[in-house]
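Encoded as C-alpha cells, the structure appears first; notes follow it.
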Amino acid sequence: MIEPDFLHTTRTAYDTWAARYAELFANGLEDFPLDRAMIGAFAAFVHAEGGGPVADLGCGPGHVTSLLDSLGLDVSGIDLSPEMIAIARAARPDLRFDVGSMTALDLADGKLAGAMARYSIIHTPPEQLPAVCAEFRRVLAPGGHLLVAFQAHDDPSALTESFDHKVALAYRWSPDRVAALLTETGFTEKARLVRAPLTDERPFPHAHLLLTKT
Ligand SMILES: C[S@@+](CC[C@H](N)C(=O)[O-])C[C@H]1O[C@@H](n2cnc3c(N)ncnc32)[C@H](O)[C@@H]1O
12 MIEPDFLHTT RTAYDTWAAR YAELFANGLE DFPLDRAMIG AFAAFVHAEG GGPVADLGCG
72 PGHVTSLLDS LGLDVSGIDL SPEMIAIARA ARPDLRFDVG SMTALDLADG KLAGAMARYS
132 IIHTPPEQLP AVCAEFRRVL APGGHLLVAF QAHDDPSALT ESFDHKVALA YRWSPDRVAA
192 LLTETGFTEK ARLVRAPLTD ERPFPHAHLL LTKT
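So the number in the numbering used here is just where the residue sits in the sequence shown, counting from 1, plus 11.
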C-alpha cells in the first residue's frame, strides 16, 4: 500500500527531533498539572470499568506512557517514529513500545479498555481525521475511554487552523468540532478541559477531550 505523504513527512521530522523532544520532556509532565488531572481522570475511568489494555497512541519518547503505567494501567505505546520508539524502549525496557500509525493500528477490534492520543493528531490533515477517529473507535471495547489532547482554536466555524509547529506542519483544532466529529463516530463526551497556554508555549489554548465509546 502506498503511504500518504503526511505520514512520511511526520515520521521523518520526528525521527530528526526525537532526542531533543525527549530532553524537553525529561521532567515528564511536572509542569502540566491540568494535563495530569485529565490523565488521572482517564486512568480512574479505565480502572472503574475493570481495567484492561491501554494504548498511548503517538507516544513519542514514552514519558506519558510511563505516567500511565505509574497510575496502574496496563499500558503500551505506539508511535510513527522509529527514533521515538527507540528512545522510549531505552528509557523503559519493561514497557512495550511499537512502531505504528494511528491511521491503521495493528490491534484487533475492541482490544483496548483505553486509548490516549496526546498531541498526536496535530499533524493529521483535516480530511483524514474522520478515518483516525473511526480507528480509535474500532480498537476500543464498548465502554472504553478515549483521551485526546491538542492545540486548540476558538472559532467553531473552522475545524482547523494550521500553524508553524517546530517539527512539521501542524493543525490547531476546534474542541467543539472535534467533539462533534467523535460523537458522530460513536463516542459520548464525558468531560473537556481547555486550558490557557503556559508561558513557554505558543499563545494557543490547549484542549483535552475525554470520551467513552458508546
Ligand atoms: C507532539 S508529539 C506528542 C508526543 C507525546 N504524546 C506527548 O504527549 O508528548 C507527536 C507524536 O505523535 C507521533 N505521531 C504523529 N502522527 C502519528 C500517527 N499517524 N501515528 C502514530 N504516531 C503519530 C509523532 O511521531 C510524535 O512522536
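Even glycine gets a Cβ: it sits at the ideal position worked out from N, Cα and C.
_Opening and closing residue of the beta strand (DSSP E) in which residue 133 lies_ = Numbered from 1 along the sequence shown, position 122 holds the residue referred to as residue 133. Where residue 133 is concerned, there is no enclosing beta strand (DSSP E), given that its DSSP letter is neither H nor E.
*Boundaries of the alpha helix (DSSP H) in which residue 102 is found, first to last residue*: Position 91 of the sequence shown, counted from the first residue, corresponds to residue 102. Membership of residue 102 in the alpha helix (DSSP H) is indicated by the continuous run 93 to 102.
*asked:* Since residue 150 and residue 123 should fall inside the 8 Å C-beta cutoff, what is the C-beta to C-beta distance between them, to a whole number of angstroms?
replied: For the purposes of this step, residue 150 is taken as residue 139 along the sequence shown, with counting starting at 1. For the purposes of this step, residue 123 is taken as residue 112 along the sequence shown, with counting starting at 1. Right, the Cβ-Cβ distance comes to about 5 Å (below 8 Å), so this counts as a contact.
*Which of helix, strand or coil DSSP assigns to residue 216*: Position 205 of the sequence shown, counted from the start, is the residue given in the question as residue 216. Three-state result, residue 216: coil.
*Determine the contact status of residue 218 and residue 163, defining contact as a CB-CB distance below 8 Å.*
In the sequence shown, counting from the first residue as 1, residue 218 sits at position 207. In the sequence shown, counting from the first residue as 1, residue 163 sits at position 152. Yes, Cβ-Cβ distance for residue 218 and residue 163 is below 8 Å.
*Closer than 7 Å: is that where the CB of residue 5 sits relative to any heavy atom of ligand 1?*
Because the chain is modelled from 12 through 225, residue 5 falls outside the range shown and cannot be assessed.
_Nearest candidate by alpha-carbon position, reference residue 70, set 207, 128 and 49_ = Position 59 of the sequence shown, counted from the first residue, corresponds to residue 70. Each of 207, 128 and 49 was checked against the Cα of residue 70, and the nearest Cα belongs to 128.
*asked:* residue 201 and residue 148 - do their beta-carbons sit closer together than 8 Å?
replied: Translated into the one-based positions of the sequence shown, residue 148 becomes position 137. Translated into the one-based positions of the sequence shown, residue 201 becomes position 190. Cβ atoms of residue 148 and residue 201: not closer than 8 Å.
*Kindly indicate which three-state DSSP category residue 108 falls into: helix, strand or coil?*
Looking up residue 108 in the sequence shown gives position 97. Per DSSP, reduced to three states, the secondary structure at residue 108 is strand.
*Sorry if obvious, but does the Cβ on residue 189 come closer than 7 Å to a heavy atom of ligand 2?*
Judged by which ligands are present, ligand 2 is missing from the structure shown, whose ligands are ligand 1.
_Does residue 171 pass the burial test, meaning 16 or more other C-beta atoms within 10 Å, or should it be called exposed?_
Taking the first residue of the sequence shown as position 1, residue 171 is located at position 160. So residue 171 counts as buried.
*Give the straight-line distance between the Cα atoms of residue 16 and residue 118, rounded to the nearest whole angstrom.*
Here residue 16 is taken as the residue at index 5 of the sequence shown, counted from 1. Here residue 118 is taken as the residue at index 107 of the sequence shown, counted from 1. Cα-Cα distance, rounded: 23 Å.
*Where the alpha helix (DSSP H) containing residue 17 begins and where it ends*: What you label residue 17 is simply residue 6 of the sequence shown in a count that begins at 1. Counting along the chain, the unbroken alpha helix (DSSP H) around residue 17 starts and ends at 16 to 35.
*Under 8 Å between C-beta atoms of residue 203 and residue 221*: Here the question's residue 203 lines up with position 192 in the sequence shown. Here the question's residue 221 lines up with position 210 in the sequence shown. Yes, the pair counts as a contact, with Cβ atoms nearer than the cut-off.
_Meets three-Cβ-pair contact criterion under 8 Å: the stretch 125 to 145 and the stretch 174 to 189_ = Counting C-beta pairs closer than 8 Å gives three or more between the stretch 125 to 145 and the stretch 174 to 189, which meets the contact rule.
*Can you give me the Cβ contacts of residue 112 inside the same chain, cut-off strictly under 7 Å, excluding the 5 residues immediately before and after it?*
Within the sequence shown, numbered from 1, the residue matching residue 112 stands at position 101. Close CB contacts of residue 112 within its chain, under the 7 Å cut and outside five residues either way in sequence, are with 18 and 91 (chain order).
*Is there at least one non-hydrogen atom of ligand 1 closer than 7 Å to the beta-carbon of residue 43?*
Within the sequence shown, residue 43 is the residue found at index 32, counting from 1. Within 7 Å of the C-beta of residue 43 there is not a single heavy atom belonging to ligand 1.
*Go ahead and label residue 160 buried or exposed: buried means 16 or more other beta carbons lie within 10 angstroms of its beta carbon, across all protein chains shown.*
Along the sequence shown, one-based indexing puts residue 160 at 149. Within 10 angstroms of the beta-carbon of residue 160 lie 16 or more other beta-carbons, which makes it buried.
*Distance, Cα to Cα, residue 189 vs residue 48?*
Working through the sequence shown from its first residue, we reach residue 189 at position 178. Working through the sequence shown from its first residue, we reach residue 48 at position 37. If you draw a straight line from the Cα of residue 189 to the Cα of residue 48, it is about 21 Å long.
*Which residues DSSP lists as bridging residue 9, in chain order*: What is shown of the chain runs 12 to 225, which leaves residue 9 out entirely.
*asked:* Starting from residue 167, trace the alpha helix (DSSP H) in both directions and tell me its first and last residue.
replied: Residue numbering aside, residue 167 sits at position 156 when the sequence shown is read from its first letter. First-last for residue 167: undefined, no H or E at that position.
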